[in-house]
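Novice: The opening position of the sequence shown corresponds to residue 43 in our numbering, with each subsequent residue numbered one higher. I have a structure I would like to understand better, so I am pasting it below and will then ask my questions one at a time.
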Amino acid sequence: MTTKRRSAARVIGAVLATAVTVVLVAWAFAALDVVIAAAVAIALVTALGVTLAASGWDQHSTYEERELARARRRQEKWDRNAAARARDRRKWEAHQARQAGGPDSGA
């Protein structure tokens with residue numbers, strides 16, 4: 043099943059579940075005592091909310107996919123900063139050369 047079909051099925055299911063909930067709540071207020079009907083309405087709306095929130099529970103990326111995306115971002119950042127690393131490396135090497143040739147070098 044494609045993503046569009048899953049999304050369409052999820053929307054249709056949500057609309058259908060909402061309609062059933064509205065009908066059941068209306069019936070509860072028409073046929074039952076107000077306090078009991080309110081309890082039924084709260085239970086139905088809570089169940090509907092949990093069902094809708096959990097409908098996409100398994101639609102997420104895997105650990106490997108997330109790690110691959112992070113690795114790509116790190117590589118892009120590494121590539122962007124290559125010039126700065128090269129500049130810092132040259133400065134460090136110049137510093138090391140000065141230290142090696144200085145009077146405190148111990149040689």
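Using N, Cα and C, we set each Cβ at its ideal position, and we do this for glycine too. Please read all numbers here as calculations on a predicted model, not as lab measurements.
Excluding the five sequence neighbours on either side, which residues of its own chain have a C-beta within less than 8 Å of the C-beta of residue 78, listed in chain order?
Specialist: Within the sequence shown, the letter at position 36 stands for residue 78. Taken in chain order, the residues that qualify are 70.
Novice: In three-state DSSP terms, what is residue 49?
Specialist: Looking up residue 49 in the sequence shown gives position 7. The answer is helix: DSSP assigns residue 49 an H, G or I state.
Novice: Taking only three categories from DSSP, how would you classify residue 88?
Specialist: Residue 88 sits at position 46 when you count from the first residue of the sequence shown. In the structure shown, residue 88 sits in a helix (DSSP, three-state: H, G or I).
Novice: Below 8 Å on the Cβ atoms is my contact criterion, and I expect residue 47 with residue 97 to pass it. Report the Cβ-Cβ distance as a whole number of Å.
Specialist: In the sequence shown, residue 47 corresponds to position 5, counting from 1. In the sequence shown, residue 97 corresponds to position 55, counting from 1. So it is not a contact: roughly 14 Å between Cβ atoms.
Novice: Alpha carbon to alpha carbon, how far is residue 100 from residue 122? Give it in angstroms, no decimals.
Specialist: In the sequence shown, counting from the first residue as 1, residue 122 sits at position 80. In the sequence shown, counting from the first residue as 1, residue 100 sits at position 58. Each residue's alpha carbon lies about 35 Å from the other.
Novice: Should residue 65 go down as buried or exposed, given a rule of 16 or more other Cβ atoms within 10 Å for buried?
Specialist: Taking the first residue of the sequence shown as position 1, residue 65 is located at position 23. Exposed.
Novice: Using 8 Å as the Cβ pair cut-off and three pairs as the minimum, do the region 111 to 128 and the region 78 to 96 touch?
Specialist: Contact fails: fewer than three Cβ-Cβ distances are below 8 Å.
Novice: Suppose contacts are defined by Cβ-Cβ distances below 8 Å. Is residue 56 in contact with residue 86 by that definition?
Specialist: Counting from 1 along the sequence shown, the entry for residue 56 is found at position 14. Counting from 1 along the sequence shown, the entry for residue 86 is found at position 44. Their beta carbons are not under 8 Å apart, which means residue 56 does not touch residue 86 by this criterion.
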